[in-house]
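Novice:
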Amino acid sequence: MAIHISADAKSYIAKNGNTIYFDDYPTIGTCVGDIKFPPSVKLGTPKDSSKFEVTKIDTVIIYLPKDIQYNRDLTIKLKKTLGKYQLVIDGWKYV
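The opening residue of the sequence shown carries number 21 in our numbering; numbering runs sequentially from there.
(1) In terms of DSSP beta bridges, what is Gly103 paired with?
(2) Mapping DSSP to helix, strand and coil, what is Asp87?
(3) With distances taken between CB atoms, is the gap from Leu107 to Ile55 smaller than 8 Å?
(4) Tell me the start and end of each unbroken beta strand (DSSP E) in the region 36-96 that is at least 3 residues and wholly inside, in chain order.
(5) Do Tyr114 and Phe57 have their beta-carbon atoms positioned less than 8 Å apart in this structure?
(6) Give me the DSSP bridge partner(s) of Ile109.
(7) For Thr95, which residues from the same chain have a beta carbon less than 8 Å from its beta carbon, with the 5 sequence-adjacent residues on both sides left out?
(8) Quick check on the burial criterion: 16 or more other C-beta atoms within 10 angstroms. Buried or exposed for Ile33?
This is the structure:
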């Protein structure tokens, strides 16, 4: 499995320090199984970097939680809503 970054997301990240991290990916138990929500993607470095592994994709430094599990390719994309930019993960499997 691999993590990819879209061209517009790379440009946005480069303008904002070239470092991102995955944060807060809750799992909610239901009567039919667990739902794993995708982590939020934030600019900068995490407060407690000891809980993360550092990887580099092209020029972007990514802090991934040590306990994160993903079984398919993920793409970090740039989304614009009401004039506000946000980095999002595409390809996350909820179940």
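Cβ coordinates follow ideal geometry from the N, Cα and C atoms, glycine included.
Specialist: Looking at the coordinates:
(1) The count along the sequence shown starts at 1 and reaches residue 103 at position 83. Bridge partners of Gly103: none, in fact.
(2) On the sequence shown, position 67 is the one that residue 87 refers to. Of the three classes helix, strand and coil, the one that applies to Asp87 here is coil, per DSSP.
(3) Working through the sequence shown from its first residue, we reach residue 107 at position 87. Working through the sequence shown from its first residue, we reach residue 55 at position 35. Result no, Cβ atoms of Leu107 and Ile55 do not sit closer than 8 Å.
(4) 39-43, 47-50, 53-56, 60-63, 72-77 and 80-85
(5) As a working note, residue 57 is residue 37 in the sequence shown. As a working note, residue 114 is residue 94 in the sequence shown. Going by C-beta atoms, Phe57 is nearer than 8 Å to Tyr114.
(6) On the sequence shown, residue 109 is found 89 positions in, with the first residue counted as 1. Note: Ile109 sits in a beta bridge opposite Ile96.
(7) On the sequence shown, residue 95 is found 75 positions in, with the first residue counted as 1. Closer than 8 Å at the Cβ level, and outside the excluded window around Thr95, lie Ile23, His24, Ile25, Ser26, Ile109, Asp110 and Gly111.
(8) The count along the sequence shown starts at 1 and reaches residue 33 at position 13. By the neighbour-count rule (16 or more Cβ atoms within 10 Å), Ile33 is buried.
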